[in-house]
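In the UniProt record's numbering, the protein residues as written are 1 to 338. C-beta atoms are modelled at their ideal positions from N, C-alpha and C, and glycine is treated no differently.
Listed below in structure tokens is the structure:
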């Protein structure tokens, strides 16, 4: 196996200089750096990650942590897929590996948020929809855990957050339905409480209230982000005495479940029922009818979160406290004027 000593001998430099290049230390002449990198490639040398972490305290990976329920996988949920794609791209560009935690939440207070960091498997962490307790916030601050949070409220000025304008976007979407003549509008929420879903429902409520529209509590249903829960929501709403003319779904995945269940029941979308989603996932563009939704820039959000974390790890400029992305409306065939 090729060693750093052999690389140093071929390059005519010290082992310390080779180590500096491998660990990204800027105190190496550019000409020397390029020469060492060329020799590393020629010799097909791969640094020992364990030894590298001991000598430089850097591991070269960032961890992705999401305190999800057992029935939700990061790789199967369009929301998380978009975020992960952006994180991965930035990791590739900056030379960091991505490590995804496989832990799932089994109770309210037993999730191992920081395991990857404390076990020295990751240099820093990106949290997706974390919903921290005061104790967990204190741990981040006291242990100085490098991190960035996606899709969460601002928990501390020194802990960076990347999010989108969920409340404003949902308000825009509902306002559009109202302008199409809808006054009986249902909302498909999530029983799994997350900050971004609470913000979306708040935007929905603001639009309803500001337009003096009555909201029937029977038109509120709690799903779990899955298509199956969207289908179940439609069954429940159709069983009510009074039915809405439009259903606003907190996510595209639940909206797709509504559309597919409607097709099974012979309900025409949008003639009999208008349906909207949120996130603008690829599936929303290919389903028939195409889904009216809000285009959350998930890839850009993931990429920005990774950029902020890696900048922290590389001790660049202080990170912004919070970055929020706009969410444009994407029209679709699933809504109509009444």
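Check the C-beta distance from residue 188 over to residue 151 and give it rounded, since I have them as a contact under 8 Å. 18 Å between Cβ atoms; not a contact.
Is the beta carbon of residue 223 closer than 8 Å to that of residue 191? Cβ atoms of residue 191 and residue 223: closer than 8 Å.
What separation, rounded to the nearest whole angstrom, lies between the Cα atoms of residue 14 and residue 121? 29 Å
With 16 as the cutoff for other CB atoms within 10 Å, does residue 159 come out buried or exposed? Under this definition residue 159 is a buried residue.
Is the beta carbon of residue 146 closer than 8 Å to that of residue 323? The Cβ-Cβ distance between residue 323 and residue 146 does not fall below 8 Å.
So what's residue 176 in DSSP terms, helix, strand or just coil? helix
From the DSSP output, read off the bridge partner residues of residue 322. 161
When the cut-off is 8 Å and only beta carbons count, does residue 81 lie next to chain B? Among the chains of the structure shown, chain B does not appear; only one protein chain is present.
Inspect the beta-carbon positions of residue 321 and residue 130 and report whether they are closer than 8 Å. No, Cβ-Cβ distance for residue 321 and residue 130 is not below 8 Å.
Candidates 211, 226, 268 and 167, of which the one nearest residue 326 by Cα: 167
Mapping the DSSP letters down to three states, classify residue 45 as helix, strand or coil. coil
Less than 6 Å between C-beta atoms, sequence neighbours within five positions excluded: which residues of the same chain meet that for residue 80? 74
Is the number of C-beta pairs between the region 240-247 and the region 197-214 that are closer than 8 Å three or more? no
As assigned by DSSP and simplified to three states, the class of residue 311: helix
What does residue 189 pair with, by DSSP beta-bridge criteria? Looking at the DSSP assignment, residue 189 forms a beta bridge with 222.
Which first and last residues belong to the beta strand (DSSP E) in which residue 63 is found? Per DSSP, the unbroken beta strand (DSSP E) holding residue 63 starts and ends at 61-65.
Neighbourhood of residue 339 by C-beta, 6 Å cutoff - its chain only, sequence neighbours within 5 removed: With the chain represented from 1 up to 338, any question about residue 339 goes unanswered, as that position is not in the structure.
DSSP has residue 274 in a bridge; who is on the other side? 246
Can you find the residues in the same chain that come closer than 7 Å, C-beta to C-beta, to residue 72, ignoring five residues on each side of it along the sequence? 225
Do you know offhand how far residue 310's Cα is from residue 61's? 10 Å
Where does the unbroken alpha helix (DSSP H) through residue 214 begin, and where does it stop? No alpha helix (DSSP H) contains residue 214, which DSSP labels as neither H nor E.
Exposure label - residue 76; buried when at least 16 CB within 10 Å: exposed
Assign residue 144 to one of two classes, buried (16 or more other C-beta atoms within 10 Å of its C-beta) or exposed (fewer than that). In this structure residue 144 is exposed. Its beta-carbon is surrounded by fewer than 16 other beta-carbon atoms within 10 angstroms.
What residue range is occupied by the uninterrupted alpha helix (DSSP H) comprising residue 149? That residue, residue 149, is in no alpha helix (DSSP H); its beta strand (DSSP E) goes 147-150.
Around the C-beta of residue 317, are 16 or more other C-beta atoms found within 10 angstroms, so that it is buried, or is it exposed? exposed
Is the beta carbon of residue 137 less than 8 Å from the beta carbon of residue 305? Between residue 137 and residue 305, the C-beta gap is not smaller than 8 Å, which leaves the two residues out of contact.
Opposite residue 292 in the DSSP bridges: which residues? 276
Look at residue 195 and residue 153 and say whether their C-beta atoms are less than 8 Å apart. In contact: residue 195 and residue 153 (Cβ atoms closer than 8 Å).
Taking contact to mean 3 or more Cβ pairs, one atom from each stretch, closer than 8 Å, check whether the region 290-300 and the region 329-338 are in contact. yes
Would you mind stating whether residue 197 and residue 250 have Cβ atoms separated by less than 8 Å? Contact flag set, yes.
Assuming contact is defined by CB atoms lying nearer than 8 Å, are residue 245 and residue 221 in contact in what I supplied? no
Buried/exposed call for residue 339, threshold 16 Cβ in 10 Å: The displayed coordinates of the chain run from 1 to 338. Any statement about residue 339 would go beyond what the structure contains.
Test item: CB-CB of residue 100 and residue 132 under 8 Å: no
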